[in-house]
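Visitor:
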Amino acid sequence: MLVRDDSSAVIVQAPAKLNLFLQVLGKRPDGFHELETLMVAIDHYDTLRFAPRATGEISLTCHDARHRQRPAAEGESLPVQGGPENLAYRAALLLRTAVGRESLGAHIDLEKRIPLAAGLAGGSTDAAATLAGLNRLWKLGLSAAELQDLASRLGSDVPFFLAPSGAAICRGRGERIEPVRWSAPLHCVVVRPRSGLSTARVFQHCRPGAAPHGVGQLVGSLKRGNVGQAARSLHNSLQPAAEHLNAEVTQLREAFSRLPFLGHLMSGSGTSYFGICRHRGEALRLASRLRAQRLGDAFVASSRT
Ligand code: C5P
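Counting from 166, one number per residue, gives the positions in the sequence shown under my numbering.
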C-alpha cells in the first residue's frame, strides 16, 4: 500500500491480492473457518483520496476508473455503493469511534479498478487503505498493531493489507499475519469472469481437508527463486466448491490449462482465476489470447513483495 500526501489530501494506492495457497483446516465454533493461506499483493490498484471536511461529516463517492477512458458498456458498471454499506465508509466510522473523536470529518473519493466478488479482496484493501489514510489525515498516530486490530474487526482479509511486506502467510480466519519475502516478482494473468461469487456461500460449500503439501514447500520454492516449482505447488481448497457453484470458474480452469502457464489457480473464494508466467512479455501475450476467448476481463499483474 502506497500512502502519500498532496497539498490538500492524502492519497492511497490500495492493491488487490492473490492467494497462491489456501487451505481450509476446519470450521470454528464462531462460524468462520480456520485457514492457512499465502497472500501476495499485486500491482492492480484502487485509488483512494482522503480530504478533510470541517463539518464533521464522512462522505464517500465511488467511480469506476475504466469509465475515465471510455463510456461504460451495458451491464459493465461496477455495483459499488458509496453509502454506509461500503467497507471503506465503515472503516472510517470505526476509526473515528475507536479514538473517540466523533467530530472528525472527511470526504473519501474511491476510484475502483479491482473487480468485486472476485477473490481479489477489493473491498478489504479499500478498508485497510481508509484506516491508514485517515490515521494520517487526522494525525491520530495509531500504531500498526492498533490499526491491525481495527482491521480484523472489519473483515478477515483486511489486516493483510497493513502488513509491512507485500506477501504473508495468514492464519486463524486470515487475520494472523506472518510476513514473507522473496526477491523475484511473479508475473501473472488474472481473469475475472462476468459473474462473481459470495465468499460466505463458497465457504458454506467447502470441505475442509488435507492439502497435498504444506505452504512451506511453496514458500521455499519462492525463496530459492524457483518460480516453476512454486507454480506447481499452488493450491486452493475453496476451488472445488466455487466450481460447483459457478461454471465460469471451470471454464477458466480449462482455458488456462490449454495455455503454457507455469501454473494456474482460482484466487480466494473466486471467481477470479490467475496463471503464472515466465516473464511479463509472456503474460501480455497470454492475456491477449484469453481476451480473444471473451471469458471475462483479463489483465496482467506482477506481485509486490
Ligand atoms: O471476514 P469476511 O467478512 O471477509 O468474511 C465473509 C464471510 O466468509 C464470513 O461471513 C464467513 O461466512 C466466511 N469466512 C469463513 N472463514 C474465514 C473467512 C470468511 O467462513 N476464515
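Ideal Cβ placement from N, Cα and C applies to all residues, glycine included.
#1: Just the Cα atoms here: how many angstroms apart are residue 403 and residue 166?
#2: Candidates 210, 387, 324, 188: which alpha carbon is nearest residue 373's?
#3: Determine, using beta carbons only, whether residue 345 and residue 439 come nearer to each other than 8 Å.
#4: Just to confirm before moving on: does the CB-CB distance between residue 203 and residue 332 stay below 8 Å?
#5: Shorter than 7 Å, the distance from the beta carbon of residue 318 to the closest heavy atom of the ligand C5P, or not?
#6: What are the boundary residues of the alpha helix (DSSP H) that residue 415 is part of?
#7: Which residues have a Cβ closer than 6 Å to any heavy atom of the ligand C5P, listed in chain order?
#8: Determine the direct distance from the alpha carbon of residue 356 to that of residue 362, and round the result to whole angstroms.
#9: Quick one: using the 10 Å Cβ neighbour count with 16 as the cut-off for buried, is residue 409 buried or exposed?
#10: Do the region 218-225 and the region 254-262 touch if we need at least three Cβ pairs shorter than 8 Å?
#11: Find the nearest neighbour of residue 429 within the set 176, 183, 172, judged by alpha-carbon distance.
#12: In the structure shown, what three-state DSSP assignment does residue 179 receive?
#13: What residues are listed by DSSP as bridge partners for residue 210?
Guide: Well, looking at it:
#1: Taking the sequence shown and counting its residues from 1, the one referred to as residue 403 is at position 238. Taking the sequence shown and counting its residues from 1, the one referred to as residue 166 is at position 1. Taking the straight line from one Cα to the other gives about 26 Å.
#2: Locating residue 373 in the sequence shown gives position 208, where the first residue counts as 1. Measuring from the Cα of residue 373, the nearest candidate turns out to be 188.
#3: Mapped onto the sequence shown, residue 345 falls at position 180. Mapped onto the sequence shown, residue 439 falls at position 274. With respect to residue 439, residue 345 sits apart: the two C-beta atoms are not nearer than 8 Å.
#4: Working through the sequence shown from its first residue, we reach residue 203 at position 38. Working through the sequence shown from its first residue, we reach residue 332 at position 167. Yes, the Cβ-Cβ distance between residue 203 and residue 332 is below 8 Å.
#5: As a first step, residue 318 is located in the sequence shown; it is residue number 153 there, counting from the start. No.
#6: Along the sequence shown, one-based indexing puts residue 415 at 250. Start and end: 412-422.
#7: Residues flagged by the Cβ proximity filter: 197, 198, 200, 320, 321, 322, 338, 339, 364, 365, 368.
#8: One-based indexing of the sequence shown puts residue 362 at position 197. One-based indexing of the sequence shown puts residue 356 at position 191. Taking the straight line from one Cα to the other gives about 14 Å.
#9: As a working note, residue 409 is residue 244 in the sequence shown. By the 10 Å Cβ count, residue 409 comes out exposed.
#10: The region 218-225, when compared against the region 254-262, does touch it at the 8 Å Cβ threshold.
#11: In the sequence shown, counting from the first residue as 1, residue 429 sits at position 264. Relative to residue 429, the option among 176, 183, 172 whose CA is nearest is 183.
#12: Looking up residue 179 in the sequence shown gives position 14. Note: residue 179 maps to strand in three-state DSSP.
#13: Counted from its first residue, the sequence shown places residue 210 at position 45. Residue 210 pairs with 180.
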